[in-house]
Each structure stands twice: as structure tokens, then as C-alpha cells.
Amino acid sequence: MTRTPRLEIEYCTQCRWLLRAAWTAQELLTTFQKELGEVALAPGTGGVFEIRLDGELLWSRKEQGGFPELPELKRLVRDRVAPGRSLGHTDRAGSATTEDN
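Right, dumping it as C-alpha cells:
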């Protein structure tokens, strides 16, 4: 039985990115403990590090050119599972634009 929403982190086993994937999963589960139904770690190869929510690609290391910054990833997930919810300091850290200058 799959619980929804389902977040999947596919990581490269050849690159030994399991710990990065597990840490990312832990951070997202801690932040969205009531909103996420499931977080899965999916082993892959070829330098893959992709994050999907209910099949929708949120982040691809190859497409975006690196790993996601956690505040940005949390905002991407939040916008889909809990729109309008404040992420506290994560939101403030990402909004240090013209207001602070």
C-alpha cells in the first residue's frame, strides 16, 4: 500500500550517495511529518540524484547542475503539500532580497 503524497529520492549507489539521500529524507520527514504519507529511498546508478513527489520531478542533480539546497527543496515540497504554510527561518533565509538591502 502506497501512502500519499509519496516523496521518492533516487540516489546513485556507485557514487555512495545513500547518506546524502537519507539525510535529505530525514530533514523532509521532520519538516513535513503530517503532510507526507511516505518517503522512499530508491537506489540507482549513473550519478542520479532525483527527488520526485507523486511522480513529479522536483529536483534532478543532472538538470539543475548539483544537489538541492535544503531551504529551496523544502519550499518546493511545501508549495505542493502545504501551500501557504510558513517554514519559519527557512522562508526568511530565502527571502533576504531587496528588503534587506
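Per the numbering used here, the sequence shown runs over residues 1301 to 1401.
The beta-carbon is built from N, C-alpha and C at its ideal position, and this holds for glycine as well.
>> Suppose the cutoff is 7 Å on Cβ atoms and the five residues either side in sequence are ignored; what does the same chain contact list for residue 1306 look like?
In response: By the criterion of a C-beta distance shorter than 7 Å, residue 1306 is surrounded in its chain by 1337, 1338, 1340 and 1354, once the five residues flanking it on both sides are discounted.
> Just how far apart, CA to CA, sit residue 1372 and residue 1304?
Replying inline: Rounded to whole angstroms, the separation of the alpha carbons of residue 1304 and residue 1372 is 22 Å.
> If you draw a straight line from the C-alpha of residue 1315 to the C-alpha of residue 1343, how long is it?
Replying inline: Straight-line measurement puts the Cα of residue 1343 at about 11 Å from the Cα of residue 1315.
> Are residue 1324 and residue 1309 close, meaning C-beta to C-beta below 8 Å?
Replying inline: Yes; because the gap between Cβ atoms is below 8 Å, this pair is in contact.
> How big is the Cα-Cα spacing for residue 1317 and residue 1311?
Replying inline: So the alpha carbons of these two residues sit roughly 6 Å apart.
> By DSSP, does residue 1383 sit in helix, in strand, or in coil?
Replying inline: DSSP places residue 1383 in coil when its eight states are reduced to three.
> Nearest-angstrom Cα distance between residue 1456 and residue 1384?
Replying inline: Because the chain here runs from 1301 to 1401, residue 1456 falls outside it and cannot be looked at.
> Among 1351, 1361, 1322 and 1365, which has the Cα closest to the Cα of residue 1377?
Replying inline: It is 1351 whose Cα lies nearest to the Cα of residue 1377.
>> Threshold first: 3 residues or longer. Then list the beta strand (DSSP E) segments lying entirely within the segment 1339-1374, N to C.
In response: The segment 1339-1374 contains these whole beta strand (DSSP E) runs: 1349-1353 and 1356-1360.
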